[in-house]
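Just so you know, the sequences run in chain order H and Y.
Throughout the first sequence, residue numbering follows our numbering, covering 1 to 198 in sequence.
Throughout the second sequence, residue numbering follows our numbering, covering 1 to 198 in sequence.
Okay, so here's the structure we're looking at.
Number of protein chains: 2
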Amino acid sequence: MRPKNLEKEQAIRTVALDIIAKEGLENLSMQKLAKAANVSPRTIYIKYENKEDFLVKLFINEVLEPYEQAVLKDFSEQMDFADGVKKIWMNTFQYLKNNRPAFAIIQYSKSSLLLNKAYQQQNIQQGQFFAPIHRFIAANIKAGTIKNFHFDVYRAMIFPVLLELVSEYFDYTERPKQIITEKVLLECCATVIKGIMK
Amino acid sequence: MRPKNLEKEQAIRTVALDIIAKEGLENLSMQKLAKAANVSPRTIYIKYENKEDFLVKLFINEVLEPYEQAVLKDFSEQMDFADGVKKIWMNTFQYLKNNRPAFAIIQYSKSSLLLNKAYQQQNIQQGQFFAPIHRFIAANIKAGTIKNFHFDVYRAMIFPVLLELVSEYFDYTERPKQIITEKVLLECCATVIKGIMK
DNA sequence: GTTGTAAGTAAATAAACGTTTACTTATTTT
DNA sequence: AAAATAAGTAAACGTTTATTTACTTACAAC
């Protein structure tokens, strides 16, 4: 039996992410992808049932999982609240800054019905995608460090700000002056923490 | 000369927003839209050059402009910082809560290359889309009420949080317990303000 | 009331889409 | 080295897409 060419499999995935980042998810067609990855359309369908299956697996395996790992790197639930948030904050920024395709597809997942569904399902199946952060927040509420808001509210107060700053970081990389510097980022983080802490 | 049927024009726009909210922008085709609005495809092309032209005008005229007006209702640059932010915050929430299609299309504009471009251009042509808020922030920096961050950074610290809360508000309307209440919203706003103010 | 004309329709167009068919290739097993 | 078989290809499939063509309708102007 002829063995699978893993390079081709990888090419399909990386080229797909590249097209999404450069031309948008709305402009990714299976034929375009096959051509760009130098394979026959049929080759994609050996591994993936259909386009939906491909996109969902691409999103979860190539983006969400590495993203979660990067966000939680060197983070511990036992950390001091401010330190913990700062760690997550800078981890997230570092990862997204160096993975524009990942950032692009994450942005799409906020509106695309398909990717949104995939995200919700992943969140349910894996228990919680950001379970350690959930427990971190819960512990700090119990300890009285922070107010008793629902976890989803805390999520809303931390991540969207940061994602918007990443978006601005990319916008400004094509302009004379970058305003999203590491200093600004840390000050923003401190601002958010100051608001949240009792 | 036969006069234009304004009802049909309006039907096209409202049906389009409805499809985007319910089935997603990725599932809006000109033929589906024409059928749902009970007109011939050709009728859409009397007023709009092509699909892109239609979507951009829909976004700007039916969504962004009413959105800006609603956000700035009863807001004044001379307001106290906390009062001003609270006013904008609650205006935005009220508007989006009652205009799910508007919220849906605004979410799409964060990722869709087409709508994103439209938003940027509108922002440039109209001077600044949220010019009064820009001046409000600038005045408060000058007065020393808040830190000297770039306007885009302040924008990132206020609006994305709120949009995420609106997203969660809609998520929770289909569940037993709504967590995004007016009380929570006001407390979140206070939290954000507390962080930002010196 | 006839006429001019833009509004509007139904059906058709070509291009692009996701996916499949019919076939060839490369490798392991015998 | 021949057989077996999944990997892979090129070309084609039937649909759906955005847009247009050829035609009809409804009203203002005369």
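We put the beta carbon where it would ideally sit given N, CA and C, even for glycine.
Everything numeric in this text was worked out from a predicted model, so none of it was measured.
Can you find a CB in chain H that lies within less than 7 Å of the CB of His-150(Y)? In the second sequence, the residue the question calls residue 150(Y) occupies position 150. Interface residue, yes.
Under 7 Å between C-beta atoms, does Glu-182(H) make it to chain Y? In the first sequence, residue 182(H) corresponds to position 182, counting from 1. Taking Cβ atoms only, chain Y never reaches closer than 7 Å to Glu-182(H), which makes this a no.
Is Met-79(H) helix, strand or coil when you go by DSSP? Reading the first sequence from its first residue, position 79 is the one you call residue 79(H). Coil, per DSSP.
Spatial distance of Arg-42(H) from Ser-111(H) (CA atoms): Here residue 42(H) corresponds to residue number 42 of the first sequence, with the count starting at 1. Here residue 111(H) corresponds to residue number 111 of the first sequence, with the count starting at 1. One C-alpha to the other measures close to 29 Å.
For Glu-9(H), I'd like the list of residues in its chain whose CB is within less than 7 Å of its CB, leaving aside the five on either flank, ordered along the chain. Taking the first residue of the first sequence as 1, we reach residue 9(H) at position 9. Cβ within range, chain order: Lys-47.
Of the residues Asn-50(H), Glu-68(H), Gly-24(H) and Glu-23(H), which one's Cα is nearest the Cα of Met-30(H)? Taking the first residue of the first sequence as 1, we reach residue 30(H) at position 30. Checking every option, the nearest Cα to that of Met-30(H) belongs to Asn-50(H).
Closer than 9 Å, Cβ to any Cβ of chain H: which residues of the region 160 to 188 of chain Y, in chain order? Pro-160, Val-161, Leu-162, Leu-163, Glu-164, Leu-165, Ser-167, Glu-168, Asp-171, Tyr-172, Ile-179, Ile-180, Val-184, Glu-187 and Cys-188
Return the CA-CA distance between Ile-133(H) and Met-90(H), expressed in angstroms with no decimal places. Within the first sequence, the letter at position 133 stands for residue 133(H). Within the first sequence, the letter at position 90 stands for residue 90(H). Taking the straight line joining both Cα atoms gives about 14 Å.
What first and last residue would you give for the alpha helix (DSSP H) that runs through Phe-59(Y)? Here residue 59(Y) refers to the residue found at position 59 of the second sequence. That residue, Phe-59(Y), is in no alpha helix (DSSP H); it is neither H nor E in DSSP.
Using 8 Å for Cβ pairs, my map puts Phe-59(H) next to Ala-118(H). What's the rounded Cβ distance? Position 59 of the first sequence, counted from the start, is the residue given in the question as residue 59(H). Position 118 of the first sequence, counted from the start, is the residue given in the question as residue 118(H). About 5 Å separates the two Cβ atoms, so the contact holds.
Is there contact between the region 32 to 39 of chain Y and the region 6 to 20 of chain Y, where contact requires at least three CB pairs shorter than 8 Å? yes
Alpha carbon to alpha carbon, how far is Pro-176(Y) from Ile-124(Y)? Give it in angstroms, no decimals. On the second sequence, position 124 is the one that residue 124(Y) refers to. On the second sequence, position 176 is the one that residue 176(Y) refers to. Those two C-alpha atoms are separated by around 43 Å.
Please tell me whether Gly-84(H) and Phe-136(H) are closer than 7 Å, where the distance is taken between their beta carbons. Along the first sequence, one-based indexing puts residue 84(H) at 84. Along the first sequence, one-based indexing puts residue 136(H) at 136. Going by C-beta atoms, Gly-84(H) is nearer than 7 Å to Phe-136(H).
Which two residues bound the contiguous alpha helix (DSSP H) that contains Ile-20(Y)? Translated into the one-based positions of the second sequence, residue 20(Y) becomes position 20. Start and end: 6 to 23.
Nearest chain H C-beta to Met-197(Y) closer than 7 Å, yes or no? Here residue 197(Y) corresponds to residue number 197 of the second sequence, with the count starting at 1. Not closer than 7 Å to any Cβ of chain H, the Cβ of Met-197(Y) fails to qualify, so no.
Determine whether the beta carbon atoms of Asn-140(H) and Phe-75(H) lie at a separation below 7 Å. Along the first sequence, read from residue 1 onward, the residue named residue 140(H) stands at position 140. Along the first sequence, read from residue 1 onward, the residue named residue 75(H) stands at position 75. Not closer than 7 Å, so no.
Near Leu-115(Y), what residues of its chain come up, given a Cβ to Cβ distance below 6 Å and the 5 sequence neighbours on each side ignored? The sequence position of residue 115(Y) within the second sequence is 115, counting from 1. So the list reads Phe-59, Tyr-108 and Ser-109, once near-sequence residues are dropped.
By the 10 Å Cβ neighbour count, where 16 or more other Cβ atoms means buried, how is Lys-86(H) classified, buried or exposed? Counting from 1 along the first sequence, the entry for residue 86(H) is found at position 86. The residue in question, Lys-86(H), is buried, as its Cβ has 16 or more Cβ neighbours within 10 Å.
For the region 85 to 109 of chain H, enumerate the residues whose C-beta is nearer than 8 Å to any C-beta of chain Y, in chain order. Ala-104, Gln-107 and Tyr-108
Using only CA atoms, which one of Gln-78(Y), Ala-16(Y) and Leu-185(Y) lies nearest to Lys-97(Y)? Locating residue 97(Y) in the second sequence gives position 97, counting from the first residue. Answer by Cα proximity: Leu-185(Y).
Could you pull the start and end residues of the alpha helix (DSSP H) that Glu-187(H) belongs to? For the purposes of this step, residue 187(H) is taken as the residue at position 187 of the first sequence. Unbroken alpha helix (DSSP H) run through Glu-187(H): 182 to 196.
Could you round the C-beta distance between Leu-113(H) and Gly-144(Y) to whole angstroms and report it? I think they count as a contact, below 8 Å. For this step, residue 113(H) is matched to residue 113 along the first sequence. For this step, residue 144(Y) is matched to residue 144 along the second sequence. Leu-113(H) to Gly-144(Y), Cβ: 46 Å. No contact.
Taking just the CA atoms, how far does Phe-93(H) sit from Ser-167(H)? On the first sequence, position 167 is the one that residue 167(H) refers to. On the first sequence, position 93 is the one that residue 93(H) refers to. The straight-line gap from Cα to Cα measures roughly 10 Å.
Taking the CB atoms as reference points, tell me whether Ala-16(Y) and Ala-104(Y) lie closer together than 7 Å. Here residue 16(Y) corresponds to residue number 16 of the second sequence, with the count starting at 1. Here residue 104(Y) corresponds to residue number 104 of the second sequence, with the count starting at 1. No, the Cβ-Cβ distance between Ala-16(Y) and Ala-104(Y) is not below 7 Å.
One or two residues paired with Ile-146(Y) in a DSSP bridge: Translated into the one-based positions of the second sequence, residue 146(Y) becomes position 146. Partner(s): Met-197(Y).
Chain Y residues whose Cβ lies nearer than 8 Å to that of Gly-144(H): Numbered from 1 along the first sequence, position 144 holds the residue referred to as residue 144(H). Within chain Y, no residue comes near Gly-144(H); the closest Cβ sits about 16 Å away, beyond 8 Å.
Closer than 7 Å to chain H by CB, Lys-73(Y): Counting from one through the second sequence, the residue named residue 73(Y) turns up at place 73. So no, Lys-73(Y) is outside the interface.
Is the separation between the beta-carbon of Glu-68(Y) and that of Phe-151(Y) shorter than 7 Å? The residue labelled residue 68(Y) in the question sits at position 68 within the second sequence. The residue labelled residue 151(Y) in the question sits at position 151 within the second sequence. Cβ atoms of Glu-68(Y) and Phe-151(Y): not closer than 7 Å.
What residue does the alpha helix (DSSP H) around Met-157(Y) start on, and which one ends it? Position 157 of the second sequence, counting from 1, holds the residue named residue 157(Y). Where Met-157(Y) is concerned, the enclosing alpha helix (DSSP H) stretches over 151 to 172.
Starting from Ser-112(H), follow the alpha helix (DSSP H) in both directions and report where the run begins and ends. For the purposes of this step, residue 112(H) is taken as residue 112 along the first sequence, with counting starting at 1. Unbroken run through Ser-112(H): none, as it is neither H nor E.
How many Å lie between Val-192(H) and Leu-55(Y) at the Cα? On the first sequence, residue 192(H) is found 192 positions in, with the first residue counted as 1. On the second sequence, residue 55(Y) is found 55 positions in, with the first residue counted as 1. The straight-line gap from Cα to Cα measures roughly 36 Å.
Which value, in whole angstroms, describes the spacing of the CA atoms of Ile-88(H) and Val-71(H)? Counting from one through the first sequence, the residue named residue 88(H) turns up at place 88. Counting from one through the first sequence, the residue named residue 71(H) turns up at place 71. Whole-angstrom Cα-Cα distance: 6 Å.
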